Every structure is written in structure tokens, then in C-alpha cells.
Amino acid sequence: MKTILLKLALLSVYSCAQTGKPHSKTGSEISQDTTDILLQRQQKRTMTTDQLKAEAKKRDIPYRKETGGKIYELQGFDKNGNPLYYSTGDVQK
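So the sequence shown is numbered by our numbering: it starts at 3 and just counts up by one.
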């Protein structure tokens, strides 16, 4: 699902940034090439679940936490190394 949303977002950004210069490839071929390159870069930066768990353990921070009816799960780290968590609300027990 993330991949589909990322492709759509990248495609919309790319199509808004057209320069009007003639290309030897069609617009869809260029868009696909650009999307593939950006997805490859994103995948290199994305940590696997095992990598996230290991890094959380190394930093002594929780990988997953339930509190106050919410679930928090580590998704990665920002450019300064701060943990980034996804949270869900209204968890039924």
C-alpha cells in the first residue's frame, strides 16, 4: 500500500514539474523511470522490522508500546536520528 501511495505521489509531483522540453521517451516512460529510481532510493533508506527492533534495543527505546488506548510502533528515524513512531488510536481490548 505504501508503494502505491508513493508512486502516486511521485507521479503527481513529477507531472507538475514538467519542463516542456522534448524528450526521446514518452511521458509515461519517463514517469516510470523516475518512479523506479525514487522507489529504489526509498527502499535503501527503509529499515526492515528486524533492523528496527535491533536498533531500538541498541538505543534502549521501545519498538512497540501500548498505552492509553493507543499503539505506537517504531517506523524509522529522522535525519537527526530521532525515532519516528506510527500510532493508532481507539484500540479495543
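Where is the CB? At the ideal position from N, CA and C, for every residue including glycine. All of these numbers come straight from a predicted model, not from anything done at the bench.
Would you mind reading off the limits of the beta strand (DSSP E) that contains residue i?
i, result
"residue 72", "72-79"
"residue 88", "85-90"
Beta-carbon separation of residue i and residue j under 8 Å?
i, j, result
"residue 72", "residue 91", "yes"
"residue 50", "residue 78", "no"
Return the first residue and the last residue of the alpha helix (DSSP H) that residue i is part of.
i, result
"residue 48", "Taken as a continuous stretch (DSSP letters only), residue 48 belongs to no alpha helix (DSSP H), as it is neither H nor E."
For residue i, which residues of its own chain have a beta-carbon under 7 Å away from its beta-carbon, when the five flanking residues on both sides are left out?
i, result
"residue 85", "63, 76 and 79"
"residue 87", "74, 75, 76 and 77"
Thinking just about the alpha-carbon of each residue, which of the options is nearest to the one in residue i?
i, options, result
"residue 70", "58, 89, 83 and 39", "89"
"residue 83", "34, 54 and 32", "54"
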